[in-house]
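Below: one structure, written as structure tokens.
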Amino acid sequence: MTDTALAEAAKSDELLGRVAEHWMNARIDAPLATTDRIDQSAKQMIALAAGLQALLAAVVKIAKVDHRMLEFAVVAFAFLFLSIIFSAGTILLQTDYMRTSSILELLEGPRDIRMLTALGNQIHQMCRQVDRVLRHKRILLAAAMIAFCCSLAASLACLSSML
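Below, the structure written as structure tokens:
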């Protein structure tokens with residue numbers, strides 16, 4: 001091979017590596033940003049639910065407590081606690097292993113069709129795992145929001161029984 005052909009092959013390899021890394025980053029950055037937003041929402045849900053639990057406990061402590069009001073307060077408190085549990089589950093759910101080291105090893109290896117197929121398979125597996133985690137996070141956050149809404153309904157029932 002001539003020097004020109006070797007230089008062109010090296011440029012081609014370098015370009016292929018940069019394109020693969022750029023695609024990998026673009027495909028992973030968006031889901032990871034979404035994961036971060038979901039985690040931030042879950043943290044806000046925990047703070048809000050904990051604050052409302054304290055407020056509900058204070059209202060029940062200060063107000064004249066009858067049996068019906070206490071039942072609504074217990075239900076509201078239980079749903080607030082459940083929303084905290086679901087929100088904490090949302091935060092704790094993370095990807096286990098994203099196989100980035102094996103992808104980088106492939107990028108350092110020889111450039112042929114088998115490498116591209118293996119790289120494509122590993123990127124596909126990694127993307128499937130991130131998408132699966134995002135789906136589970138959204139489900140847990142939705143469950144936390146439903147429990148939170150139920151606690152608000154029970155809290156309103158509690159307050160209306162005081163009137």
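Start counting the sequence shown at 1; every next residue gets the next number (this note's numbering). Every residue gets a Cβ at the ideal spot worked out from N, C-alpha and C, and that includes glycine.
For L32, the closest of V133, L140, C158 by C-alpha to C-alpha distance is V133. Going by C-alpha positions, I91 is about 17 Å away from I146. Assigned with DSSP and collapsed to three states, Q94 falls in coil, not helix or strand. A direct Cα-to-Cα measurement between F86 and A7 gives close to 56 Å. Scanning its chain for C-beta atoms nearer than 8 Å, with the 5 sequence neighbours on each side dropped, one finds around M69 the residues V60, A63, C158, S161, M162, in chain order.
Separation of Q40 and D13 (C-alpha to C-alpha, rounded to the nearest whole angstrom) is 40 Å. In the three-state scheme derived from DSSP, where H, G and I count as helix and E and B as strand, V65 is classed as coil. When the Cα atoms are used, A142 and V65 turn out to be separated by approximately 32 Å. The Cβ neighbour count for K137, taken over all protein chains shown within 10 Å, is at least 16; the residue is labelled buried. Separation of V130 and F77 (C-alpha to C-alpha, rounded to the nearest whole angstrom) is 34 Å.
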